[in-house]
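Okay, so here's the structure we're looking at.
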Amino acid sequence: MGEFCRSTIFFSDQHLCYADILPPSQVRARIEVAVLNFLKALSSNSPSISDLALEKRVTQRELYYKLLCDSPDYFTSQLQVNRTIQDLVALLRCSRYSLGIMASSRGAIAGRLLLQEPDKEVVDCSTCGSSGYAISGDLELLEKLTMETDARYIIMVEKRLAEDRVFNRIPCILITAKGFPDIATRFLLHRMCQMFPNLPVLGLVDWNPAGLAILCTFKFGSIGMGLEAYRYACNVKWLGLRKDDINQLIPEECLVPLKPRDLQIAKSLMSSEILQDSYKEEVAAMVQSGRRAEIEALYCHGYDYLVKFLATKIVQANYL
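What follows is the structure, given as structure tokens:
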């Protein structure tokens, strides 16, 4: 018992803790005492806890490895760290960026957009090459970007970006997270929606449950973001690929079987209360067919067909 007392994480006393059944008034009193003790520890000459260096930024992955070294008894997996961060956001009602946690980013942007970081030269995103302009994980920097555009559309692409130079034929901005959307890419898309409210945002993803899940994360936010979800959501319309595109344009030999992971995602999507019926019909069609199709399947009609496909869908306003 003595060894347990010496190793306890509570600094206010070194006695074994137990839980009392208390009326609300005493619960509030204990909370007040705990907060006061915490503030005293922060302001003392020899604090029992380290100063909060909130001006420094780390990614969730970097934080996990730091905690794994410093507190291996309490944090043994990335999932534990992620859930703890989510709880802190809910408890303190402030964003994870305010807590010094920076987004890691794989995202990129290309097309009819001029942007400028503070004290830097203007970047023309149409001349950034096939990889596009890399989106920073620093949300504060993204917040300070100045942007100008003559585009008429914003197109969110699941993976491919500037290889086809779609923006030369269709006046658009292309943005991608290169897979499941990270916070920084979602933040920048949301900010563009605020700056250019008249530009429709159209989504082009693979025809499979994972592709739709990517689109819905941009559209509704993710459950894992908790109270922050609204901050990164924007009204994305589903341009393609959809079942009509598959039936009319994609040969059978270009379809591949659904993966077990696809079926798990499909089940989750079908149980969602916020997913509109037209989206659920698409999910049901995916499961019923047992097949999936990637955007690249359109190239069976030629390498320039993707631009024609997008132009036709946009002119016809063929999106959900």
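Mapping the sequence shown onto the UniProt record's numbering, position 267 (from 1) lands on 267, and the numbers just tick up by one.
Glycine included, C-beta positions come from ideal geometry on N, C-alpha and C.
Query, Result
"Counting pairs of Cβ atoms below 8 Å between the segment 213 to 223 and the segment 245 to 264, do you hit three or more?", "no"
"Could you tell me which residues DSSP pairs with CYS172 in its beta bridges?", "TYR153"
"Going by DSSP, what residue range makes up the beta strand (DSSP E) through MET147?", "146 to 148"
"Applying the criterion that 16 or more other CB atoms from any shown protein chain within 10 Å of the CB defines a buried residue, is residue 330 buried or exposed?", "No statement about residue 330 is possible, as the shown extent of the chain runs from 1 to 320 and does not include it."
"Can you tell me whether MET156 is buried or exposed, with buried defined as 16 or more other CB within 10 angstroms of its CB?", "buried"
"According to DSSP, simplified to helix, strand and coil, what is LEU275?", "coil"
"Write down the C-beta distance between ILE154 and CYS172 rounded to the nearest angstrom, noting that I regard them as a contact closer than 8 Å.", "7 Å"
"So ILE135 and ILE109 are in contact, right, with Cβ under 8 Å, and what is the actual spacing, rounded?", "6 Å"
"Taking DSSP's pairing of strands, which residues face GLY111 in a bridge?", "ILE173"
"With three or more beta-carbon pairs closer than 8 Å as the criterion, would you say the segment 299 to 313 touches the segment 265 to 273?", "no"
"Could you tell me which residues DSSP puts in a beta bridge with VAL58?", "ILE101"
"Taking the runs of the beta strand (DSSP E) that are 3 residues or longer, which of them lie wholly in the UniProt domain \"Topoisomerase 6 subunit A/Spo11 TOPRIM\" (157 to 314)?", "172 to 176, 201 to 204, 236 to 240"
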